[in-house]
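Novice: With the first letter of the sequence shown counted as 1, position 162 gets the number 152 in the working numbering; the numbers rise by one all the way through.
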Amino acid sequence: MALQFVDAGYDVLLLEAGGMKADPATQALYAGSVVDEHLHSPPDTYRERRYGGSTTIWGGRCIPFDPIDFERRDYVPDSGWPISYEDLKPYYPEANRLCEAGPFAYTIGESFKKPLPPAMIDGFSSSYFTTDTIERFSCPTDFGSRYRSTLEVSPKVRVVLHANVTAIRLDAGGTTVQRLEAATLDGRRFVVQAAQFVLATGGLEVARLLLANRDVHPNGIGNAHDLVGRYYMCHLAGTIGTIRIRGGAATVHHGYDRDAGGIYCRRRFALSPAAQRQMRVGNFIARLHHPRITDPAHRNAVLSLLYLARPFIPYEYAKRLHGDHHASTNEWIRHVANVATGPHEAVGFAWHMLRDRRLAKRKFPSIIIKSRANLFSLDFHAEQQPLAASRVTLGEGRDALGMPRLRIDWRYAPGDVDTVSRSLERLAEDLRLCGVGTFEYDRDQVEAEMTRYGAYGGHHIGTARMGADPRTSVVDPHGRVHGVDNLSIASAAIFPTSSQANPTLSIVALALRMAERLKGTLKAAS
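1) Anyone know if the C-beta pair for M110 and H244 falls short of 9 Å?
2) To the nearest angstrom, how far is it from the Cα of R270 to the Cα of Y81?
3) I believe I53 touches C255 by the beta-carbon criterion, under 8 Å. Please report the beta-carbon distance rounded to the nearest angstrom.
4) For A95, which residues of its own chain have a beta-carbon under 6 Å away from its beta-carbon, when the five flanking residues on both sides are left out?
5) If you measure between the beta carbons of A18 and D34, is that distance less than 9 Å?
6) In angstroms with no decimal places, state the Cα-to-Cα distance between S135 and H342.
7) According to DSSP, is V329 part of a helix, a strand, or is it coil?
8) Quick check: H468 and M223, are their CB atoms within less than 9 Å of each other?
9) Which one or two residues does DSSP pair with T520 in a beta bridge?
10) Determine, for D176, whether the minimum Cβ-Cβ distance to residues of chain B falls below 9 Å.
11) From W400, G385, N364, S69, pick the residue whose C-alpha is nearest to that of P394; which is it?
12) So for Y75, helix, strand or coil by DSSP?
13) I need the boundaries of the beta strand (DSSP E) containing I398, first residue and last residue.
14) Going by beta-carbon coordinates alone, are T409 and G228 separated by less than 9 Å?
15) Near T383, what residues of its chain come up, given a Cβ to Cβ distance below 6 Å and the 5 sequence neighbours on each side ignored?
16) Please report the straight-line C-alpha distance between S115 and F259, rounded to a whole angstrom.
17) Pairing CB atoms from the stretch 473 to 485 with CB atoms from the stretch 194 to 202, are three or more of them under 8 Å?
18) Note down the Cα distance separating L349 from R51, rounded to an integer number of angstroms.
19) Measure the C-alpha to C-alpha separation of A172 and G392 and round it to an integer number of angstroms.
20) Would the beta-carbon of N476 fall within 9 Å of that of T166?
21) Keeping to the same chain, check which residues put their C-beta closer than 6 Å to that of Q(-6); ignore five residues upstream and five downstream.
22) Kindly identify the DSSP beta-bridge partner or partners of L417.
23) Just how far apart, CA to CA, sit A445 and R381?
24) Can you check the stretch 130 to 194 for any alpha helix (DSSP H) of at least 4 residues that lies completely inside it and give the ranges in chain order?
25) Quick one: what's got a C-beta closer than 8 Å to G9's C-beta in the same chain, skipping five residues either side?
26) For the alpha helix (DSSP H) containing G510, list its first residue and its last residue.
27) Leaving aside the five residues before and after R159 along the sequence, list all residues of the same chain whose C-beta is less than 6 Å from its C-beta, in chain order.
28) Measuring alpha carbon to alpha carbon, tell me which of A184, T462, R433, F354 ends up nearest L417.
29) Along the chain, where does the alpha helix (DSSP H) that runs through V436 open and close?
30) P486 and Y221 - do their beta-carbons sit closer together than 9 Å?
31) To which residues of the same chain is A184 closer than 7 Å at the C-beta, ignoring the five residues directly before and after it?
32) Looking at F339 and A291, is the spacing between their C-beta atoms short of 9 Å?
33) Would you say the stretch 229 to 237 touches the stretch 485 to 501, given that touching needs at least three Cβ pairs under 8 Å?
34) Label T97 either buried or exposed according to how many other C-beta atoms from any shown protein chain fall within 10 Å of its C-beta, with 16 as the threshold for buried.
35) Name the DSSP bridge partner or partners of M223?
36) Buried or exposed: where does F119 fall if 16 or more other Cβ atoms within 10 Å of its Cβ makes it buried?
Rendered as structure tokens:
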């Protein structure tokens, strides 16, 4: 948003809670509690309190929301946005550019010239699933380092580091923000005044700031109807079953293609909008995946190498790769044996990761293991339904700045289990009907698998939902807090539903839309 005001003629102050680098004392300000530690990671993980925020650790996956995600669906309770896909679509191309994910083109036909890349699975066809939509990948771009110089040279934008907002002060009527109070960990305190204020602090911290400020509104800002912190969503994700594809290894193309601009792109199984309506389930996608890393029975040198390297893999990715599994002595020995029996594969993979991920500016996005036997597991990613009982509240204790800590009670609904279960059943049937392979999994373990790693990482969604009615939402269709004329929120906190898509690209698109609206508001007031 600050980038949109570099040449707009208005003075902008950007308060950054952290510094240029990670700092344990600053990161500890995010610490809090969770009701069920098996369902949600501690709140100081998966997000970074520093310049660039969580773009300093994200994986770079960029996907727009689908038109159906904005619709009110009677089979998805509390669904429906007050804006449509068409309202957000004009801002997606610029969001793609800022995320360095190439053009706004998300099908194989749009993204590649003929001859097109090989089919994901030769002979696969389905009236329920498509394999022609793609995910695009950012470098991944660290917004702090990438756009730092642009903000530094701007005479109109000032960035203040280590500036933690501790209070939002309203006028006596509670309709206008008069000032912010901020503090640093070394004891300095100061006040900020402005015409317009925007909270861009992420889905968890937005709720904490609104709930903690109760001097005028006793339940917190924007919380007259007890909605702030409710409807907390992430995504439902897991790895399940065994897929066996008939034919040779050349019949499967499940890795990455690079478009003309060198952007990594990847296809997946995507449940079509028509199928979602017919089946009355949420949005769902899945990808072919390698066998579970933790089990040495896969006898794969590369997978065992990844397991043995777990101490060197960041928390947010190690949890997805390994979960909470800790190898027994016997399992550890078997992993070592796998590496020893396939040293050339292990060395080749290590060189690939060093060259194409560690040293490359545009990094190879994830681990792709080619299976000579055409044997895979299925990695799925699904929409979570809005659920009022899934919520973020203020907990016990205070941080070093005196702010109350968060308490997270993430929950999921029976409809979420239904979305995953029925989508998996449909995919298994389609693979069988078209004769390309089989998908075998334990249907009684679907719910256990989709909650094996708990709420999906850094996707903190819905805690200050958008809507036209203040009785059922926290912000209006422009992201402005109901009843407070100069306070807006730029975050996945305002998403009414979660889609199947990672939220970053849509967060950026909504921020661009909000910046345009704020320019008009400031111009009208001047």
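Backbone N, C-alpha and C fix where the C-beta goes; we use that ideal spot for every residue, glycine too. The structure displayed is predicted, hence computed values, not measured ones.
Specialist: Based on what the coordinates show:
1) Locating residue 110 in the sequence shown gives position 120, where the first residue counts as 1. Locating residue 244 in the sequence shown gives position 254, where the first residue counts as 1. Yes, the Cβ-Cβ distance between M110 and H244 is below 9 Å.
2) By 1-based counting over the sequence shown, the position of residue 270 is 280. By 1-based counting over the sequence shown, the position of residue 81 is 91. Taking the straight line joining both Cα atoms gives about 30 Å.
3) For this step, residue 53 is matched to residue 63 along the sequence shown. For this step, residue 255 is matched to residue 265 along the sequence shown. The pair is not a contact, with the Cβ atoms about 11 Å apart (cut-off 8 Å).
4) Looking up residue 95 in the sequence shown gives position 105. The answer, listed in chain order, is S101.
5) Sequence index remark: in the sequence shown, residue 18 carries index 28 (1-based). Sequence index remark: in the sequence shown, residue 34 carries index 44 (1-based). Against a cut-off of 9 Å, the Cβ pair of D34 and A18 comes out as a contact.
6) For this step, residue 135 is matched to residue 145 along the sequence shown. For this step, residue 342 is matched to residue 352 along the sequence shown. Answer to the nearest angstrom: the Cα atoms are 25 Å apart.
7) For the purposes of this step, residue 329 is taken as residue 339 along the sequence shown, with counting starting at 1. Helix, per DSSP.
8) On the sequence shown, position 478 is the one that residue 468 refers to. On the sequence shown, position 233 is the one that residue 223 refers to. Taking 9 Å as the Cβ cut-off, H468 and M223 do not qualify as a contacting pair.
9) Residue 520 cannot be examined here, being either before or after the span of the chain that is shown, -9 to 516.
10) No chain B is present in this structure, which holds just one protein chain.
11) As a working mapping, residue 394 is identified with position 404 in the sequence shown. Cα-wise, what sits closest to P394 is G385.
12) The residue given as residue 75 occupies position 85 in the sequence shown. If DSSP states are grouped into helix, strand and coil, Y75 belongs with the helices.
13) Residue numbering aside, residue 398 sits at position 408 when the sequence shown is read from its first letter. I398 -> beta strand (DSSP E) spans 394 to 399.
14) The count along the sequence shown starts at 1 and reaches residue 409 at position 419. The count along the sequence shown starts at 1 and reaches residue 228 at position 238. No. Outside cutoff.
15) Within the sequence shown, residue 383 is the residue found at index 393, counting from 1. G219, R397, listed in sequence order.
16) In the sequence shown, the residue the question calls residue 115 occupies position 125. In the sequence shown, the residue the question calls residue 259 occupies position 269. Whole-angstrom Cα-Cα distance: 11 Å.
17) yes
18) Reading the sequence shown from its first residue, position 359 is the one you call residue 349. Reading the sequence shown from its first residue, position 61 is the one you call residue 51. C-alpha of L349 to C-alpha of R51: approximately 19 Å in a straight line.
19) Numbered from its first residue, the sequence shown carries residue 172 at position 182. Numbered from its first residue, the sequence shown carries residue 392 at position 402. Straight-line Cα distance between these residues: approximately 12 Å.
20) For the purposes of this step, residue 476 is identified with residue 486 of the sequence shown, where counting begins at 1. For the purposes of this step, residue 166 is identified with residue 176 of the sequence shown, where counting begins at 1. Yes, they are a contact pair.
21) Reading the sequence shown from its first residue, position 4 is the one you call residue -6. Hits under 6 Å: A505.
22) Residue numbering aside, residue 417 sits at position 427 when the sequence shown is read from its first letter. BP columns for L417 are empty, so no partner.
23) Residue 445 sits at position 455 when you count from the first residue of the sequence shown. Residue 381 sits at position 391 when you count from the first residue of the sequence shown. For A445 and R381, the distance between alpha carbons rounds to 12 Å.
24) 133 to 143
25) What you label residue 9 is simply residue 19 of the sequence shown in a count that begins at 1. Taking G9 as the centre and dropping the five residues before and after it, the same chain places the C-beta of T16, R40, Y41, L151, H152 closer than 8 Å to its C-beta, in chain order.
26) Counting from one through the sequence shown, the residue named residue 510 turns up at place 520. Run containing G510: 494 to 515, per the alpha helix (DSSP H) assignment.
27) Position 169 of the sequence shown holds residue 159. Hits under 6 Å: Q168, R169.
28) On the sequence shown, position 427 is the one that residue 417 refers to. The option with the nearest alpha carbon to L417 is R433.
29) Counting from one through the sequence shown, the residue named residue 436 turns up at place 446. Counting along the chain, the alpha helix (DSSP H) containing V436 begins and ends at 436 to 440.
30) Walking along the sequence shown from the start, residue 221 turns up at place 231. Walking along the sequence shown from the start, residue 486 turns up at place 496. Cβ distance < 9 Å, so Y221 and P486 count as in contact.
31) Sequence index remark: in the sequence shown, residue 184 carries index 194 (1-based). The residues L3, in chain order, have a CB closer than 7 Å to that of A184 in the same chain once the five nearest residues on each side in sequence are set aside.
32) Stepping through the sequence shown from its first residue, residue 291 is reached at position 301. Stepping through the sequence shown from its first residue, residue 339 is reached at position 349. Yes; because the gap between Cβ atoms is below 9 Å, this pair is in contact.
33) no
34) Looking up residue 97 in the sequence shown gives position 107. T97 is exposed by the Cβ-count criterion.
35) Looking up residue 223 in the sequence shown gives position 233. Paired residues: I451.
36) Numbered from 1 along the sequence shown, position 129 holds the residue referred to as residue 119. Buried, by the Cβ-count rule.
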